[in-house]
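Asks: Whatever position you read off the sequence shown (first residue = 1), add 1 for the working numbering. Sharing a structure with you now.
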Amino acid sequence: MRKTVITLCSLVLIVVALKANRHSISQQSDGDEKQSPFVGTWEWTENTPQWQSFAIWVGERNDSLLFCMGGTFHGGRKIQMPENDKDGNIIPVVKTQLPKGNLVKSKISEAFSNFYFDQDRMRVYNDISFELINDSTMLFILDDNKGYWPDTAVMIRRDRINRKFSDYEEPLLYKGK
2 MRKTVITLCS
12 LVLIVVALKA
22 NRHSISQQSD
32 GDEKQSPFVG
42 TWEWTENTPQ
52 WQSFAIWVGE
62 RNDSLLFCMG
72 GTFHGGRKIQ
82 MPENDKDGNI
92 IPVVKTQLPK
102 GNLVKSKISE
112 AFSNFYFDQD
122 RMRVYNDISF
132 ELINDSTMLF
142 ILDDNKGYWP
152 DTAVMIRRDR
162 INRKFSDYEE
172 PLLYKGK
């Protein structure tokens with residue numbers, strides 16, 4: 002009988018803790034209930050501190066989503082983090098209109114993801130997409146087999162913070178057709 006009571010109490014505490022944690026995560030959106038579900042920081046499910054770490058930062062401004070990617074790869078031999086403006090705000094490398102569904106498709110300059118910088122390839126744009134699988138999982142797909150970022154990555158949500166992105170527009174930012 003005593004074991005049953007302890008087990009029930011433990012289960013109740015676990016359920017309460019999970020609900021409290023879920024509530025605190027939803028409150029990280031700075032009170033903006035209508036922000037895009039893409040907004041926040043996303044981390045690769047295959048991150049390993051000794052070998053690789055990849056993250057995507059997504060922000061919303063006006064009618065646009067802003068994306069930036071970065072990480073440490075090949076055991077620290079290649080580090081590529083987002084550029085910042087003079088005020089410390091992230092400079093986006095992908096900018097799109099707010100999507101109506103759970104899929105964002107755009108293009109990204111090969112210069113942002115290419116392991117070897119090649120002046121002739123700066124204006125080559127590859128397809129990139131971000132697809133929400135559910136509220137805490139996003140699929141990242143980059144059509145660039147020359148880069149050091151993963152070409153396909155399952156990302157998990159770390160937070161829902163709508164970071165302030167720079168107003169500076171990267172010259173290689175894809176502007177559409």
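Using N, Cα and C, we set each Cβ at its ideal position, and we do this for glycine too.
Flag this pair as yes or no: are the beta carbons of residue 131 and residue 123 separated by less than 7 Å?
Replies: Cβ atoms of residue 131 and residue 123: not closer than 7 Å.
Asks: Let me know the secondary structure DSSP gives residue 41 once reduced to three states.
Replies: Three-state result, residue 41: strand.
Asks: Just the Cα atoms here: how many angstroms apart are residue 65 and residue 111?
Replies: If I take the Cα positions, the gap works out to 22 Å.
Asks: Give the single residue among 47, 105, 176, 61 whose Cα lies nearest to the Cα of residue 150.
Replies: For residue 150, the nearest C-alpha among the options comes from 47.
Asks: Measuring CB to CB, does residue 127 end up less than 7 Å from residue 144?
Replies: Yes. Within cutoff.
Asks: To which residues of the same chain is residue 82 closer than 7 Å at the C-beta, ignoring the five residues directly before and after it?
Replies: The answer, listed in chain order, is 71.
Asks: Alpha carbon to alpha carbon, how far is residue 58 from residue 108? Give it in angstroms, no decimals.
Replies: C-alpha separation (whole angstroms): 16 Å.
Asks: Grouping DSSP H, G and I as helix and E and B as strand, with all else coil, what is residue 47?
Replies: Of the three classes helix, strand and coil, the one that applies to residue 47 here is coil, per DSSP.
Asks: Would you kindly check if the distance between the Cβ of residue 169 and the Cβ of residue 86 is under 7 Å?
Replies: Yes, Cβ-Cβ distance for residue 86 and residue 169 is below 7 Å.
Asks: Relative to the alpha-carbon of residue 175, which residue among 40, 125, 155, 102 has its alpha-carbon at the smallest distance?
Replies: Checked all of 40, 125, 155, 102; the closest Cα to residue 175 is 125.
Asks: Could you tell me which uninterrupted beta strand (DSSP E) segments, each at least 3 residues in length, are contained entirely in the segment 65 to 109, listed from first to last along the chain?
Replies: Qualifying beta strand (DSSP E) stretches, in chain order: 65 to 74, 79 to 81, 95 to 98.
Asks: To the nearest angstrom, how far is the alpha carbon of residue 137 from that of residue 156?
Replies: Looking at the two C-alpha atoms, the distance is approximately 8 Å.
Asks: Just to confirm the assignment, what range does the beta strand (DSSP E) spanning residue 175 have?
Replies: Where residue 175 is concerned, there is no enclosing beta strand (DSSP E), given that its DSSP letter is neither H nor E.
Asks: Inspect the beta-carbon positions of residue 158 and residue 60 and report whether they are closer than 7 Å.
Replies: Cβ distance not < 7 Å, so residue 158 and residue 60 don't count as in contact.
Asks: Distance, Cα to Cα, residue 227 vs residue 101?
Replies: Residue 227 lies beyond the stretch modelled for the chain, which goes from 2 to 178, so this question has no answer here.
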